[in-house]
Amino acid sequence: MSEHSLDRIEQAVGEAEKLTSCEYIVVLAPASSRYQGRVLAAGALAAVLVYLVLYALNLWGVEQGIDPLWLLIESAAIGGLVAFAISRLNPLRRLLIPKWTMDAAVELAAHATFSQENVTLTKDRNAVLLYVSVLEGQARMMPDIGVQQKVPQDALGAIQAKLGNTDTGDPATLVCDAIRSLGECCKECWPIQEDDENELPDRPQIRLP
291 MSEHSLDRIE
301 QAVGEAEKLT
311 SCEYIVVLAP
321 ASSRYQGRVL
331 AAGALAAVLV
341 YLVLYALNLW
351 GVEQGIDPLW
361 LLIESAAIGG
371 LVAFAISRLN
381 PLRRLLIPKW
391 TMDAAVELAA
401 HATFSQENVT
411 LTKDRNAVLL
421 YVSVLEGQAR
431 MMPDIGVQQK
441 VPQDALGAIQ
451 AKLGNTDTGD
461 PATLVCDAIR
471 SLGECCKECW
481 PIQEDDENEL
491 PDRPQIRLP
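Everything in the sequence shown is counted per our numbering, starting at 291 for the first residue and increasing by one.
Listed below in structure tokens is the structure:
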């Protein structure tokens, strides 16, 4: 996301926290996993296919006098280029990764982030994490126990449903809308307190896989 998008999210968090004593934290991740196994497997497969094609051409006489060592080096180089291209191009990576694998990676990363960002350490246990993973085009909303106990589950479910796929529309707008909705639905259950403190950062945090 651009700096402007990060500024918009930070502003939305600040405005929502003026309505309620709840704390909101947004964490953005380029991806929830490196998926290196899939990338390396694709590169290795490309190298093997290139080797077999060139070897077959040599056998059939289309190419003459190919040095086996150079054949191996060329195949490995092409395989490496394929792996590099896939690691840099998200559309290619997404084609190689099954949806269930991405779902599991996002779920695991969201739970890890919930712990790493100290979401459970707020005074009233009333914080909510919004975790957005760009490669997978997914988001997770993870409320702490205080929010789960007081805020109606159908209201939280409706907000999560709107975050269901960050591929549709502008991700920053989806996140800002979700934060505003959280502020509105939490303000009655968790009204703002005179001694309220900002316990979590308003600025979106970046998490690298």
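Glycine included, C-beta positions come from ideal geometry on N, C-alpha and C. Everything numeric in this text was worked out from a predicted model, so none of it was measured.
Checklist entry - With which residues is S313 paired in a DSSP beta bridge? => result Note that residue 313 is Glu in the sequence shown here, rather than Ser. According to DSSP, E313 bridges with A417.
Next on the checklist: If you measure between the beta carbons of A319 and A399, is that distance less than 8 Å?
Outcome noted: Contact: yes.
Checklist entry - Curious, which full-length alpha helix (DSSP H) runs of at least 4 residues does the segment 452–495 contain? => result Fully enclosed alpha helix (DSSP H) runs of 4 or longer: 461–476.
Checklist entry - If you pair each beta-carbon of the segment 457–477 with each one of the segment 311–325, do three or more pairs fall below 8 Å? => result Look at the beta carbons and you see the segment 457–477 touching the segment 311–325: at least three pairs across the two are nearer than 8 Å.
Item to check | Same chain only: Cβ atoms within 6 Å of A321, ignoring 5 sequence neighbours per side | outcome: Counting only Cβ-Cβ distances below 6 Å, and skipping sequence neighbours, we find L425, P499.
Item to check | Given 8 Å, three or more beta-carbon pairs between the segment 408–417 and the segment 431–443 | outcome: As far as the Cβ criterion goes, the segment 408–417 touches the segment 431–443, which means the pair count is three or higher.
Checklist entry - Less than 8 Å separating the beta-carbons of A468 and L420? => result Closer than 8 Å, so yes.
Checklist entry - In chain order, which continuous runs of the beta strand (DSSP E) of length 3 or greater are located wholly inside the segment 312–383? => result For the segment 312–383, the continuous beta strand (DSSP E) assignments of 3+ residues that do not extend past its boundaries occur at 313–319, in sequence order.
Next on the checklist: Would the segment 333–340 count as touching the segment 360–373 if we require 3 or more Cβ pairs under 8 Å?
Outcome noted: Contact between the segment 333–340 and the segment 360–373 is established, with three or more Cβ pairs separated by less than 8 Å.
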